[in-house]
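The structure appears right after this line, and notes come after that.
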Amino acid sequence: MCDRGMAIVVGTPDDLDQVVGVLREWQAEGAPMQLHPGDVGWYRRFGARTGAVRTWSRGGRVLAVGLLDGPTLLRLTAAPDVWQDDELARRMSEDITEPDRGVLPAGEVAVESPVGLLLEDHLSEAGWTAGEPWTPLRRDLTDPVEDPGVRIEVVGPERVAERVAVHRSAFDGSTFSEEAWLLMAAGVAYADARCLVAYDGDDAVAAVTVWSAGPGRPGLLEPMGVHRDHRGHGHGKAITVAAAAALRELGSSSAIVCTPSANVGAVATYRSAGFRPLTEVRDQVRSSST
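Per full-length UniProt numbering, the sequence shown starts with residue 1, numbered consecutively.
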């Protein structure tokens, strides 16, 4: 337990591995969708720098973690026992809302936090409003996962070029590279992760990275994509089924993913792979005029 007489301090961690360990401890089956160690693992493709990560601590204990997913989006979560801690929520709201605190810049920005975090109330009081809806989806991994129906390979150094090519084709404007993959794979989070590639004949047609948070905890798909030249043939479903199977092998209790609700094709793909949509969630947004 924290000493509530001590001040809450915001800062950057000494290393990303420290943050991954904390986030693993906070993942729990049945909890709302929240920042996952896999999110930090995927960020590791930019290297080991910690400048995009913020932590809120009290008495030496990390209470909350935020990841700047780009310059204007802060994704965050907190330890389960402090979700309703008013002192923490108030301090986080002040740090996030006031640009001179160095957490988010002035102008239009967004915060993604799990449903039930008291921070949401404080941001609403400060004039933040609901953003676009996102759909979390979950697949239970108690039972064995069916065969995906296509050839699936686990990516090692010899398949990095194919994995990168699929990603860059799937996501317009992507800068993902072989060097970035190697940086990501060097992080501690990747010890409990796998990159998979699906093949149609000799063609690499879809790819996914899955991240375990440890046995008995939900695992994350981030990212999943289908090569633009091979869409419409069920490869998205196949690689998603393979992702669920890989997470089950890693000991995950469930597989989770989140996608914009407006991306109806992605939602349909995940549903076809046995994922169940959960209640929509929304970021909280501060407009440039607030």
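Even glycine gets a Cβ: it sits at the ideal position worked out from N, Cα and C.
Values in this document were obtained by computation on a predicted structure and should not be read as measured data.
Query, Result
"Shortest alpha-carbon distance to LEU76 belongs to which of PRO32, GLU98, PRO157, ALA238?", "PRO32"
"Can you tell me whether TRP176 is buried or exposed, with buried defined as 16 or more other CB within 10 angstroms of its CB?", "What sits at residue 176 in the sequence shown is Phe, not Trp. Buried."
"Looking only at its own chain, which residues have a Cβ that is under 7 Å from the Cβ of ALA170, when we skip the five neighbours before and after it?", "GLY225, VAL226, HIS227, ARG228"
"Does SER177 come out as helix, strand or coil in the three-state DSSP assignment?", "coil"
"In whole angstroms, what separates the C-alpha of SER254 from that of ARG217?", "7 Å"
"Consult DSSP for GLN284 and reduce its assignment to one of helix, strand or coil.", "strand"
"My output table needs one value for TRP26: the three-state DSSP class, helix, strand or coil.", "helix"
"What do you get for SER212, buried or exposed, if any count of 16 or more other CB atoms within 10 angstroms of its CB means buried?", "buried"
"If you draw a straight line from the C-alpha of ALA79 to the C-alpha of SER57, how long is it?", "11 Å"
"Would you list the one or two residues that DSSP bridges to PRO144?", "Answer is none; PRO144 lacks a bridge partner."
"Between THR259 and VAL267, what straight-line distance do the alpha-carbon atoms span, to the nearest angstrom?", "7 Å"
"Drop a sphere of 10 angstroms on the beta-carbon of GLU173, count the other beta-carbons inside from all chains shown, and report buried for 16 or more, exposed for fewer.", "Here residue 173 turns out to be Gly, not Glu, going by the sequence shown. Classification for GLY173: exposed."
"Please go through the same chain and pick out, in chain order, the residues whose beta-carbon is closer than 7 Å to the beta-carbon of THR50, but skip the five residues on each side of it.", "THR12, PRO13, ASP15, LEU16"
"How long is the line joining the alpha carbons of ALA273 and GLY102, rounded to whole angstroms?", "41 Å"
"Please report how far the alpha carbon of residue 291 lies from the alpha carbon of THR279, in whole angstroms.", "The question about residue 291 has no answer, for the chain in this structure spans 1 to 290."
"Determine whether the beta carbon atoms of VAL22 and VAL62 lie at a separation below 8 Å.", "yes"
"Go through its chain and collect everything with a Cβ distance to ALA245's Cβ below 6 Å, but skip five positions before and after it.", "VAL145"
"Below 8 Å, how does it come out for the stretch 109-120 and the stretch 149-161: are there three or more Cβ pairs, yes or no?", "no"
"Assign ARG271 to one of three DSSP states: helix, strand, or coil.", "helix"
"Identify, in the order they occur along the chain, each residue of the same chain with its Cβ nearer than 7 Å to the Cβ of LYS237, setting aside the five sequence neighbours on each side.", "THR269, SER272, ALA273"
"Can you find the residues in the same chain that come closer than 8 Å, C-beta to C-beta, to ALA89, ignoring five residues on each side of it along the sequence?", "LEU117, LEU118, LEU119, ASP121, HIS122"
"What residues in its chain sit with their C-beta under 6 Å from that of ASP69, if we drop five residues either side in the sequence?", "ARG75"
"Short of 6 Å in beta carbon distance, which residues of its chain neighbour ARG231, apart from the five on each side in sequence? Order them along the chain.", "none"
"Less than 8 Å between the CB atoms is what I'm expecting for VAL197 and GLU158, so what's the real figure, rounded?", "VAL197 to GLU158, Cβ: 11 Å. No contact."
"Classify ASP39 as helix, strand or coil using the three-state DSSP reduction.", "helix"
"Terminal residues of the continuous alpha helix (DSSP H) containing GLY11?", "Taken as a continuous stretch (DSSP letters only), GLY11 belongs to no alpha helix (DSSP H), being part of the beta strand (DSSP E) at 8-11."
"So what's THR97 in DSSP terms, helix, strand or just coil?", "helix"
"If you reduce the DSSP assignment to three classes, tell me which class ARG139 lands in.", "strand"
"Out of ALA110, ASN263, SER288, which has the shortest C-alpha to C-alpha gap to TRP134?", "ASN263"
"Where does MET1 land, buried or exposed, given buried means 16+ other C-beta within 10 angstroms?", "Confidence in MET1 is poor, its pLDDT being 43 and thus under 50, which makes the residue's placement too unreliable to answer from."
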